[in-house]
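*Asks:* Here you go, one structure.
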Amino acid sequence: MAVDLHTHSTYSDGSETPAELIATAKRARLEAIALTDHDNLDGIPEAMEAAAHHDIELIPGVELSCEWDRGGFHMVVLWLEPGPGPLQDRLADLQHGRANRNVDMVAKLAGLGIDITYDEVLEEAGGTGVGRPHMAAILVRKGVVATMSEAFDLYLAQGRPGYVGRVRLTPETAITLARQSGAVPIIAHPHTLG
0 MAVDLHTHST YSDGSETPAE LIATAKRARL EAIALTDHDN LDGIPEAMEA AAHHDIELIP
60 GVELSCEWDR GGFHMVVLWL EPGPGPLQDR LADLQHGRAN RNVDMVAKLA GLGIDITYDE
120 VLEEAGGTGV GRPHMAAILV RKGVVATMSE AFDLYLAQGR PGYVGRVRLT PETAITLARQ
180 SGAVPIIAHP HTLG
């Protein structure tokens, strides 16, 4: 059985809509796929509809940003159904924090003399899943930097002048909320934990 338990759509930093992601999974002959966008479940309904059409099992999920004494890391939470619940309710707070962070980052970039507006970033993102990659793409397009990597290295990475931190859950809180919500928490990218 071929599955992919960690994917992103345009509702976070993926390049395909949830329906396109499911169609890609079908072409790859996957039998199941988990949609795990960052800090939100907004793409799950579209993915569920597409999965039913393509006869693929959809595992609803989310990828959370966590913080512990050794730094930040990501946790994938699988079988997290949309709707009310302890973790689902916390996701709304995380999304609000992410939106404020994006506005603040654009303001910092503009304060550095860079010609960028939040409306441009929204347009770049297609209105959903706004994040630093969208800001980086604008910086490249406007010739401020040559590459996406350079945008992060000079402006958008932690410690750089355009960076703004964000609210992260502790691992204990993420695990507790996931379990209270009937979901399964798993460390993403364990090789990065050192």
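First residue of the sequence shown? That's 0 in numbering that gives the first Met the number 0, and the numbers climb one at a time after it.
A virtual CB, placed ideally from N, CA and C, is assigned to each residue, including glycine.
#1: CA-CA distance, Arg26 and Glu19?
#2: Can you name the residues that DSSP bridges to His37?
#3: Check His188 in the structure and name its three-state DSSP category.
#4: Ala187 and His73: beta carbons closer than 7 angstroms?
#5: Note down the Cα distance separating Ala177 from Ala33, rounded to an integer number of angstroms.
#6: Pull the bridge partners of Trp67 from the DSSP assignment, please.
#7: Cα-Cα, which of Leu168, Pro189, Ile174, Gly112 is closest to Gly161?
#8: Tell me which same chain residues have a C-beta within less than 6 angstroms of the C-beta of Val166, skipping the five on either side of it?
#9: Evaluate contact between the segment 77–93 and the segment 140–149, counting only Cβ atoms and requiring at least three cross-stretch pairs below 8 angstroms.
#10: Rounded to whole angstroms, what's the CA-CA distance from Glu56 to Leu40? Just pull it up for me.
#11: Hey, would you say Leu63 sits closer than 7 angstroms to Leu168, going by beta carbons?
#12: For the alpha helix (DSSP H) holding Leu86, just list the boundary residues, first then last.
*Replies:* So, from the listed chains and residues:
#1: The residue you call residue 26 lines up with position 27 of the sequence shown. The residue you call residue 19 lines up with position 20 of the sequence shown. If I take the Cα positions, the gap works out to 11 angstroms.
#2: Reading the sequence shown from its first residue, position 38 is the one you call residue 37. His37 pairs with Glu62.
#3: Translated into the one-based positions of the sequence shown, residue 188 becomes position 189. Reduced to three states, the DSSP call for His188 is coil.
#4: Walking along the sequence shown from the start, residue 187 turns up at place 188. Walking along the sequence shown from the start, residue 73 turns up at place 74. Yes, they are a contact pair.
#5: Start at 1 with the first residue of the sequence shown, and residue 177 comes out as number 178. Start at 1 with the first residue of the sequence shown, and residue 33 comes out as number 34. Distance between the alpha carbons of Ala177 and Ala33 is about 16 angstroms.
#6: The residue labelled residue 67 in the question sits at position 68 within the sequence shown. Gly70.
#7: On the sequence shown, position 162 is the one that residue 161 refers to. When each option's Cα is compared against that of Gly161, the closest is Gly112.
#8: Against the sequence shown, residue 166 aligns to sequence position 167. Closer than 6 angstroms at the Cβ level, and outside the excluded window around Val166, lie Gly96.
#9: no
#10: By one-based count along the sequence shown, residue 56 stands at place 57. By one-based count along the sequence shown, residue 40 stands at place 41. The alpha-carbon atoms of Glu56 and Leu40 are separated by roughly 16 angstroms.
#11: Residue 63 sits at position 64 when you count from the first residue of the sequence shown. Residue 168 sits at position 169 when you count from the first residue of the sequence shown. Yes, the Cβ-Cβ distance between Leu63 and Leu168 is below 7 angstroms.
#12: Position 87 of the sequence shown, counting from 1, holds the residue named residue 86. Taken as a continuous stretch (DSSP letters only), the alpha helix (DSSP H) holding Leu86 covers 85–110.
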